[in-house]
Every structure is written in C-alpha cells, then in structure tokens.
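Numbering (the working numbering), first residue to last: 605 to 822.
One structure is given here, and the rest of the page talks about it.
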C-alpha cells in the first residue's frame, strides 16, 4: 500500500485527511447529539497510547461525554472544561482510552442546541508496518486502522465471515442507518460497507477474527 493511497483512497463527507509521509491529521465534524467517531491517527507510533487528553485536548464543550461499548454495555467519561479534565473512574477512563487507539471507536455526545457544530482535529502518525487488532465475536465499535476511506474489506483489510453485519450511525437522525450489510460468505447483501476516516461503525462479528493491515512508507 503506497503512501499516496492514504490521500487517494479517502471517501469524505464529514472528514478530510491531510498528510505528508506518515504524519498528519484527520478533521471530523461533530454536531450536537451523539457522534460515532474513530481515531486513525496515532500519538507515538505504538498504537497503544492514545488517550482522551491526547485525542480531544481541550476542544470539546463542557459536559461532553464519551461512551465506550465494553462487556456488552456502555461506560462513559465526562469532560469538565474549567479544569480541562475528564471525570470517570480509572477503569472507565482506561477503557475509553483503549477505544481511542486506531481501529476502534467511541460515541461522543456533544451538548448544545440544534446546529451546534465543532471540528475535531485528530493529529498523529499513520501506523507503519503490520498492525493487527483482535476482534471478538459479537458487537464491537470499529473503524479502519489507517486513515483510508473505501470499502471495509477491499480498501481497509477487514476479512469478513459469514453472518457478519455492519451497522452505521446516522448523525442527523440520531439512529442507526436503515441498511445493514450482511455478509453471506461470498458477498455483502445490502452493499459493501464503506468507511470514512474518523468515523466508526458497529461490527457484529459472527466469530473471533483478526483485523490486520500492513502500511509501509516507501
């Protein structure tokens, strides 16, 4: 996968990628209500040290909440603008931090009246070399590991199994998309799921799997 593909492969309606070599940022528009987002840019090249503070900084409105789906339920952390810190137990915060690593996603609930909009700039490195995320059977909030748009499998390296489903989030309607692609073993019924850099989806995996990519900066 050539470095140029990081720009050429972008599908963007609410996110854009600007990158030179393997360093850059993804801009994601957040509106009032719940936004299902991902962070494909990595803080330090390890893929493991992205945190609420490093991803969001101090750019979010007071009482913004971040929700992570774990163990079949939701845990949350809440932003306090006056201190620039997040409230939540250490366990909850650690779970949210882990969900901000490339390949995963979280809900961001932005307070405010209708039409409230902010731009989140996720800054960092594109992970280099082979990277794998272990995906457990069941529902997980996921995204592409690299900031590349396009289909979840051909463009982003996910290997589907029979029975896999992908649910998208409609920000404007604040509910799940009407179409739920279902993998039959040979094709996606409902159309190939398409990913946007900075936006996450729900993947209902029929079995344990590994999502792997291999980007080399030539």
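We treat Cβ as the ideally placed atom computed from N, Cα and C, and that holds for glycine.
Best match in the options for proximity to residue i [C-alpha to C-alpha]
| i | options | result |
| --- | --- | --- |
| residue 636 | 653, 666, 768 and 739 | 666 |
| residue 794 | 802, 741, 782 and 804 | 782 |
| residue 631 | 692, 674 and 723 | 723 |
| residue 737 | 806, 780 and 762 | 762 |
| residue 675 | 639, 734, 688 and 745 | 745 |
Close Cβ partners of residue i (< 8 angstroms) along its chain, the five nearest in sequence each way excluded
| i | result |
| --- | --- |
| residue 760 | 748, 749, 750, 752, 754, 799 and 817 |
Buried or exposed by the 16-neighbour rule on C-beta atoms within 10 Å, applied to residue i
| i | result |
| --- | --- |
| residue 772 | buried |
| residue 766 | exposed |
| residue 678 | exposed |
| residue 648 | exposed |
| residue 807 | buried |
Three-way DSSP call (helix, strand, coil) for residue i in this model
| i | result |
| --- | --- |
| residue 807 | strand |
| residue 617 | Confidence in residue 617 is poor, its pLDDT being 41 and thus under 50, which makes the residue's placement unreliable; the coordinate value appears in the next sentence. Residue state, collapsed to three classes: coil. |
| residue 749 | coil |
| residue 608 | Because the pLDDT at residue 608 is just 37, under 50, the model does not fix this residue reliably, and the value given afterwards should be weighed accordingly. In this structure, residue 608 counts as coil in the three-state DSSP scheme. |
| residue 674 | strand |
| residue 641 | strand |
| residue 727 | strand |
| residue 720 | coil |
| residue 681 | strand |
| residue 696 | helix |
Same chain only: Cβ atoms within 6 angstroms of residue i, ignoring 5 sequence neighbours per side
| i | result |
| --- | --- |
| residue 670 | 681, 700, 710 and 712 |
Beta-carbon contacts of residue i that lie in its chain and below 7 angstroms, excluding the five residues immediately before and after
| i | result |
| --- | --- |
| residue 643 | 654, 659, 704, 706 and 726 |
| residue 688 | 662 |
(message) Three or more C-beta pairs under 8 angstroms: does that hold for the segment 722–736 against the segment 652–666?
(response) yes
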